[in-house]
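What follows is a set of notes on a single structure, which appears directly below.
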């Protein structure tokens, strides 16, 4: 076993063009800036953030659905950002995706069998009976039966649809699956089933996950390492439990204190902490991010330097990093 | 003539998957569609077999018999040259069918290929093409056909080619709109990620989705083409003397209608019936394939019908409470049953909301919690109505009130907040306008007084720069700010009860916390009660004093928040708590096997028993009642695990 | 608002250029020789060449086009090959008829279509609504010029309530003007009224089902007030879009209807142009009508901006 991680994202930036005039807009909006993280083989990296944080954009850049404007993505020793217009088929086999809304991520006019079958056939030349057996095996892996293969997406329940989406992803035995909010469209009772399925598959297939979600509790449950994003930048990374129990960045704290738990005692504490932090205000528009630390407009501990300089990710402990000018300030951890 | 059948870009609905109904063969077999198809089939057959069917040669002159009225020899009479009208009608079908077919073929071929290309390439290609298309659409199709005839000479084929060119524009627009919408669909991204090529994606994944709207478009275009062909022939361009056209027959009729008034009738009827059939076929197909017609409107009933139904057909409560509710109770829902037709959506729901408390109604989607809230407001949609029970506000049964009396209660005494705040505000009215409305209606304020009070309300709910923002439109507000506006509107008349239906579900985590804090503060400040509907037990833990858990249309457990979360008494409450990931991670999340049954398929006995780990045989029998806060026959024997 | 008008005006310039280029190209692609047509096939080659020179047809195409555009910008659309009358004047003389016919038809269609649509939307599925739906289907299917024929037969030929043919300018006698336009405008309005009724009904049904209507009701606002002050405004947004398209349709239909009632409009001019292959007339007519339709689109766009705050640039 070597120490090289499966995926290394190095100072990744993605910019969108704005405007749809006759000649197209000139203004660019930075959706992701300077994001770096690694995913070891067989591990799960959880990316948390609110809408507009750039977490999905990061995932889409890794999937090569978007062209990064800067930085590098290295997968299995190969520089993904150096690929040309065409993505090598081997990369398409190695990296797969599960999206949030399974109804729109499955073609409504194709049966489950067609959807999964065409994915397998793209990568392995299999004939009728073999293909059928392969699809059935894949369906079995995600807890569906052979007869589900003949259904159209709308004939399945939300949880079953998400299982089909997962089946399509694992059908080609990928090394990395990008899970973009895979459970947030599901009811509580189905959420658990899908999360358990993902953990089971990781154990049996040794696949790595990039798990993108807005719910810190869900991410904490599935991830080994967590990255917190705010307005296009990574603000804190570290082992899942440590980040959740002892957050360094004020935004991570805000996120943690805002997350609701069904435990009335624990929730009362979170509530007290949250109210102590003050109102917190609105997140700034990604179209006009504030100068300096993007969070300083909502931060209780913001000082002059926060509004002037962008804080860099610095080490705050073993395997932990945060981008905050006041990281480690005793006033903040109190 | 440009067709107005452009479909609206379906992004909005498609994003939510609501409009993604697939074609059902059964829906194609509807009588209307079938009959139209049969009649049009007959039309084509008549066109093909014209020489066999027509009693006379359509061009044979018989001057002696000119302008004859219908007779045995000439069923529909003769024209100015003694030609048989019936035979000419039959031959005219040929011309019209050919014209329609040519236009549709040209438009399909050209429109679909350009639309596919432009839609997929996007960018500059798209913009330039759309400019050209806009220019082309500025010319009425008839005008272009006339210009074409003038330039390249007379002839039906040439004229109809020009019409096909113009129609290609609307086919192109439809194709492009669908491709653009589908291209944004996640399944296209998923296909790219699995390594499927561009060609595969365009032809195998996207094209089948364009087919349905195109079939509809083609049917309508065939009808319009027929109309244009008739117009051209009427003007004397298009057809030559050896061809017979209904439009040409009308031109003859125009000259001789003072002598033979029947002449214009038959060709006109033939044209109208054919166009009608094409249109009806198009409409029928549209319904069948589930393409959204911008002009058709939703199938649901209007708001007014709703109230009418729910007021008139409301059956008096069977088991109205004998006694007035205990002191301190503001809202008392007693045995509320709501049904859509024969299907009960909510069965025998009872709970009390006390003065000054926040009461939570919690459950998964489809459990009937929103229906309950809507029933309390008297705002049930369409065929859904209260079939039993009562809703007592300070002892007064809202179920028995008429619309006029309810209007005085809504807004004045009960306010409501919704899940999607931006949708809950009219997009084309300023926020100030909408905030002031209730004040003007209930408090009789002038527009000016209302505006002043609205500004106060906006600052009360924490919208910065309130006075200026009154002039803004809803789309200029973020989700969190819009929800504050909706809360302000609901609180305008300081109601005693606020019903909040999933008020924070659409919001980000940190904003959700802010809005919950706001609701809690306002509750104290205005000393009102809150009925909070949510699927999130975390929200319950955060702000609710007491809570009722709903499952499959029933309240299964009710109690104080602390009791329910720490020591639940119903197995469903326990399962729901266990399924939520929280606190220190566990090896595996607990799950509930199976899924929530739909309203028409609720199990007998305890509705949770098929999924319940504690179910015994008697759980499947009878109709368990709520006893000691839980609707479970085994509640006393079980020791269930709470959140700790 | 000013910004919107200016940006729309600017964006319609390339459309007009494209349109005239298209028509110009179409006309010049064809091997018609006006000299031969006008002077007769037997005329001498010299005479024909001289005539072509006189018309400027011997110059390169791009020069001809440039010449034409420059002229058009000054309001000079050339001269008819046959009557030698200035095309601008010919069109100017007839534009009033076509426009008053189309506008009158639109007004009639709105007066009938909008209330009918509202009626249907208030009680979808009720008996009046079904009758309306049926009437709309019929209205969409019946050809306007056939209706014109029947109306002329009944009211002009038989009952003699209206003149059979002919047109009186508004400036001469407003009463006669109206009388000469009532029948053709009514015949044209039926189709458009059906389209508008259908769109109004659909839009209003959708609007009444919108969450914000529910929200307004939850605040105790009476239904009538919601309908008049909120729903109607929002429902008119899609109706406006249809009106723009219909105006173009109506201009097209006038060409046919003018013939039935022998009204001296653009349509008659156009037909003469077509029959005689009088290119300057044809070209001028097409471009003017195109510009007219663009102008109508511009006006509806602006109305759209007034009603719909989302498209208003800020």
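Residue numbers (my numbering), protein chains in the order written: chain H, 1 to 334; chain R, 335 to 978; chain L, 979 to 1292. Beta carbons are placed, not taken as given, at the ideal position from N, Cα and C, and that holds for glycine. This one's a predicted model, so the numbers in the text were calculated from it and none came from an experiment.
- At a cut-off of 8 Å between beta carbons, residue 867/R makes no contact with chain L.
- For residue 444/R, same chain residues with a beta-carbon under 6 Å away, outside a window of 5 residues either side, are 502 in chain order.
- Note on the segment 231 to 274 of chain H: whole alpha helix (DSSP H) runs with a minimum of 4 residues are 240 to 245 and 250 to 258, in chain order.
- DSSP places residue 179/H in the uninterrupted beta strand (DSSP E) bounded by 176 to 180.
- In the three-state reduction of the DSSP assignment, residue 960/R falls in the coil class.
- Scanning chain L for C-beta atoms nearer than 8 Å to the C-beta of residue 606/R yields 1116, 1119, 1120, 1121 and 1124, reported in chain order.
- Listed as beta-bridge partners of residue 942/R by DSSP are no residues whatsoever.
- Excluding its 5 nearest sequence neighbours in each direction, residue 1101/L has C-beta neighbours in its own chain below 7 Å: 1107, listed in chain order.
- Residue 668/R carries a strand assignment under DSSP once its states are collapsed to helix, strand and coil.
- Taken through DSSP and simplified to helix, strand or coil, residue 678/R comes out as strand.
- Residue 12/H is bridged by DSSP to 35/H.
- Annotation: the segment 1060 to 1120 of chain L contains the following complete segments of the alpha helix (DSSP H) (minimum length 4 residues), in chain order: 1065 to 1100 and 1105 to 1119.
- With a threshold of 8 Å between beta carbons, residue 1192/L makes contact with chain R.
- Taking CB atoms only, residue 807/R has a neighbour in chain L less than 8 Å away.
- The three-state reading of DSSP puts residue 719/R in strand, counting E and B together.
- If you draw a straight line from the Cα of residue 217/H to the Cα of residue 99/H, it comes to about 19 Å.
- For residue 1239/L, no alpha helix (DSSP H) segment is defined, and its DSSP state is neither H nor E.
- When C-beta atoms of the segment 884 to 897 of chain R are compared with those of the segment 278 to 292 of chain H, fewer than three pairs fall below 8 Å, so the two segments do not count as touching.
- For residue 891/R, the enclosing beta strand (DSSP E) covers residues 888 to 894.
- Note that the segment 193 to 212 of chain H touches the segment 48 to 62 of chain H; at least 3 beta-carbon pairs, one per stretch, sit closer than 8 Å.
- With the rule of 3 Cβ pairs closer than 8 Å, the segment 769 to 781 of chain R does not count as touching the segment 845 to 863 of chain R.
- The beta carbon of residue 244/H is closer than 8 Å to those of 216, 220, 226 and 256 in its chain, skipping five residues each way along the sequence.
- It is roughly 39 Å from the alpha-carbon of residue 442/R to the alpha-carbon of residue 590/R.
- Below the 8 Å Cβ cutoff, chain H contributes 282 as neighbours of residue 815/R, in chain order.
- Below the 7 Å Cβ cutoff, chain L contributes no neighbours of residue 389/R, its closest Cβ being approximately 25 Å away.
- Chain-order list of chain R residues neighbouring residue 1262/L: empty, with the shortest C-beta distance near 12 Å, by a criterion of under 8 Å.
- Here residue 738/R is exposed: its Cβ has fewer than 16 other Cβ atoms, across all protein chains shown, within 10 Å.
- Here the C-alpha atom of residue 874/R lies approximately 15 Å from the C-alpha atom of residue 908/R.
- Here residue 930/R is not near residue 952/R, since their CB atoms are 8 Å or more apart.
- Under the DSSP assignment, residue 1134/L falls outside any alpha helix (DSSP H); it carries neither an H nor an E label.
- Counting along the chain, residue 558/R sits inside the alpha helix (DSSP H) bounded by residues 541 to 569.
- Rounded to whole angstroms, residue 941/R and residue 178/H show a C-alpha spacing of 38 Å.
- Proximity of residue 1203/L to chain R, defined by a Cβ-Cβ separation below 8 Å, is satisfied.
- Classified as exposed, residue 1105/L has fewer than 16 neighbouring CB atoms from the shown chains inside 10 Å of its CB.
- Within the DSSP secondary-structure output, residue 213/H pairs in a beta bridge with 48/H.
- Between residue 567/R and residue 581/R, the CB-CB gap stays under 8 Å.
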